[in-house]
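Enquirer: 267 is the number that this note's numbering gives to position 267 of the sequence shown; each next residue is one higher, with no gaps.
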Amino acid sequence: MDYRKILTEMDIKSLKTTDFDYSLPEELIAYAPLEQRDASRLMVVDNNHVEHSQYNNLASHLPVGSRLVFNNTKVIAARLYFNTLHGKTIEIFLLEPLNGDYSSLHQSRSATWKCLIGGSKKWKKEETLVQSYPSISDSFELHASFNGRNDDYFIVSFNWTEDISFYALIELVGNTPLPPYIKRAATAEDAKRYQTIYAKTEGSVAAPTAGLHFTEDLIHQLYQNNITTSYVTLHVGAGTFKPVTATSIADHTMHKEFFEVAFKTLEELASEDCTIIPVGTTSLRTLESLYWIGLKSYYQVKDLDTMNNLDQWEHIELSSLGPIPYTTILQHLAKRMKELNIGTLHGHTGICITPGYAFKMAKGLITNFHQPQSTLLFIISAYLGDRWKDVYATAIQKRYRFLSYGDGMLIKHWPIGEAIEQ
Numbered sequence: 001m002d003y004r005k006i007l008t009e010m011d012i013k014s015l016k017t018t019d020f021d022y023s024l025p026e027e028l029i030a031y032a033p034l035e036q037r038d039a040s041r042l043m044v045v046d047n048n049h050v051e052h053s054q055y056n057n058l059a060s061h062l063p064v065g066s067r068l069v070f071n072n073t074k075v076i077a078a079r080l081y082f083n084t085l086h087g088k089t090i091e092i093f094l095l096e097p098l099n100g101d102y103s104s105l106h107q108s109r110s111a112t113w114k115c116l117i118g119g120s121k122k123w124k125k126e127e128t129l130v131q132s133y134p135s136i137s138d139s140f141e142l143h144a145s146f147n148g149r150n151d152d153y154f155i156v157s158f159n160w161t162e163d164i165s166f167y168a169l170i171e172l173v174g175n176t177p178l179p180p181y182i183k184r185a186a187t188a189e190d191a192k193r194y195q196t197i198y199a200k201t202e203g204s205v206a207a208p209t210a211g212l213h214f215t216e217d218l219i220h221q222l223y224q225n226n227i228t229t230s231y232v233t234l235h236v237g238a239g240t241f242k243p244v245t246a247t248s249i250a251d252h253t254m255h256k257e258f259f260e261v262a263f264k265t266l267e268e269l270a271s272e273d274c275t276i277i278p279v280g281t282t283s284l285r286t287l288e289s290l291y292w293i294g295l296k297s298y299y300q301v302k303d304l305d306t307m308n309n310l311d312q313w314e315h316i317e318l319s320s321l322g323p324i325p326y327t328t329i330l331q332h333l334a335k336r337m338k339e340l341n342i343g344t345l346h347g348h349t350g351i352c353i354t355p356g357y358a359f360k361m362a363k364g365l366i367t368n369f370h371q372p373q374s375t376l377l378f379i380i381s382a383y384l385g386d387r388w389k390d391v392y393a394t395a396i397q398k399r400y401r402f403l404s405y406g407d408g409m410l411i412k413h414w415p416i417g418e419a420i421e422q
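#1: Are the CB atoms of Val205 and Gly237 nearer to each other than 8 Å?
#2: Check whether the region 80 to 87 and the region 111 to 129 are in contact - that is, three or more C-beta pairs closer than 8 Å.
#3: Expressed to the nearest angstrom, what Euclidean distance is found between the alpha-carbon atoms of Val173 and Tyr133?
#4: Could you spell out the range, first to last residue, of the alpha helix (DSSP H) harbouring Leu178?
#5: Taking the runs of the alpha helix (DSSP H) that are 4 residues or longer, which of them lie wholly in the region 83 to 131?
#6: For Thr128 versus His106, is the C-beta distance shorter than 8 Å?
#7: Which of the three DSSP states is assigned to Gly424 in this structure?
#8: Out of Ile12, Leu318, Val130 and Phe93, which one is the CA nearest neighbour of His86?
#9: If you follow the alpha helix (DSSP H) that Tyr223 is part of, which residue opens it and which one closes it?
#10: Asp138: which of Phe166, Ile76, Lys335 and Thr161 sits nearest, CA to CA?
#11: Might you give, ordered along the chain, the residues of its own chain that have their beta carbon closer than 6 Å to the beta carbon of His252, omitting 5 neighbours on each side?
#12: Using only alpha-carbon positions, find the residue among Ala207, Trp292 and Lys200 that is nearest to Asp190.
#13: Which ranges would you report for the alpha helix (DSSP H) in the region 304 to 329 if only whole runs of at least 4 residues count?
#14: May I ask you to report which of helix, strand or coil DSSP gives Ser230?
#15: Could you tell me how far apart the beta carbons of Ser297 and Leu333 are, in whole angstroms, since I believe they sit closer than 8 Å?
#16: Given a threshold of 16 other Cβ atoms within 10 Å of its Cβ, counted over all protein chains shown, does Met254 qualify as buried or as exposed?
#17: Going by DSSP, which residues form a beta bridge with Ser297?
#18: Pairs of beta-carbons, one from the region 144 to 159 and one from the region 362 to 378, closer than 8 Å: are there three or more?
#19: Could you check what DSSP says for Ala246 in three-state terms: helix, strand or coil?
#20: Quick one: Cα of Gly343 to Cα of Gly280, how far?
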């Protein structure tokens with residue numbers, strides 16, 4: 001299939017990354033979290049109206065009976081430091097297991113990962129890096145060996161001397177992978193606050209930041225207001241911070257990320273046609289990817305597998321198959337999972353959501369304020385069109401805090417209409 005022809009027809013080729021630029025004042029970047037998670041400010045974008053609130057009032061802004069979908073991925077301590085024989089410091093940043101199997105986090109004595117390497121030129125590739133950790137035991141050593149490279153990553157094999165899982169090991173010796181624009185050492189406080197309170201499944205190297213605002217009290221308020229919750233998993237990769245350097249959105253390559261959805265969650269989402277609001281762009285991308293993978297199975301384009309896949313622009317080709325309600329697609333998925341004895345749907349998605357995208361499951365979004373010219377800002381524009389510029393200008397004027405540790409907004413349905421009221 002000629003995706004270039006499809007992209008031209010959908011006008012994506014005409015979308016320039018500079019169309020998604022704005023001037024972000026340095027002083028509005030949040031370099032540390034607020035003391036209280038749900039004290040962050042919340043901009044509520046509803047039709048042509050903007051209201052200024054706080055996260056601890058979120059329940060009052062949501063329709064009764066709506067369902068929030070959270071990403072329960074857990075951030076791992078992905079930054080590891082080694083010294084060469086000549087005393088040079090090497091930083092190894094874990095990206096994902098080489099074989100894509102995150103269960104390997106819980107294997108002992110060896111692991112091979114795709115990594116970024118800071119100071120790679122200082123590492124003689126025939127040298128095995130060795131780091132001792134007497135805090136674990138007097139004889140404990142972690143070895144790192146260079147195993148090759150790709151255009152986007154290095155391959156590093158790790159070996160260690162005791163019967164401890166790789167996840168437990170890096171939790172002891174690794175560092176919290178703060179975003180690259182936060183140019184300071186991670187603290188013990190970051191290890192707690194750069195993690196959602198409901199984090200469960202280990203694998204992310206960046207937090208699903210929209211969820212950082214939620215507390216136990218806030219989630220309890222949601223239940224009291226008859227607002228239900230579901231959980232999916234998408235392991236956020238370092239690609240979320242990768243600058244979009246291509247002139248056209250069509251030429252930007254999305255990094256694929258691992259996701260999984262349990263059968264129970266699928267049943268919850270399929271059982272009712274309600275207002276589904278993802279908490280964060282990662283939950284959103286998981287839900288929308290689930291729809292397209294289900295559509296492929298529904299039309300027998302590609303049935304379910306142990307590891308499913310959705311390419312960056314594949315949804316454009318699949319849209320020609322015709323719209324099917326998401327409840328029908330999810331009920332089909334549940335039926336096929338039962339027939340194939342699949343308890344959890346696994347996959348990798350590279351879906352790129354841009355202006356013009358017709359959302360299949362999400363009817364709103366809770367999200368932070370994102371960097372200029374980022375793929376996350378493409379998603380905001382898919383909801384708001386060019387009005388995202390007015391919304392962001394309002395956030396700057398009202399001195400909202402931006403990026404991962406910053407404030408956020410709730411986007412409701414936005415029909416074509418007049419300029420927003422501030």
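Note that CB positions come from ideal geometry on N, CA and C, so glycine has one too.
Expert: Reading it off the structure:
#1: In this structure, Gly237 lies closer than 8 Å to Val205 by Cβ.
#2: As far as the Cβ criterion goes, the region 80 to 87 touches the region 111 to 129, which means the pair count is three or higher.
#3: 8 Å
#4: That residue, Leu178, is in no alpha helix (DSSP H); it is neither H nor E in DSSP.
#5: none
#6: no
#7: Because residue 424 is not part of the residues shown, which for the chain are 1 to 422, the question remains open.
#8: The candidate whose alpha carbon is nearest that of His86 is Val130.
#9: Glu216 to Gln224
#10: Thr161
#11: Val244 and Ala246
#12: Ala207
#13: Taking only runs of at least 4 residues, the alpha helix (DSSP H) segments lying wholly in the region 304 to 329 are 314 to 318.
#14: strand
#15: 7 Å
#16: buried
#17: Partner(s): none; Ser297 has no beta bridge.
#18: no
#19: Coil, per DSSP.
#20: 25 Å
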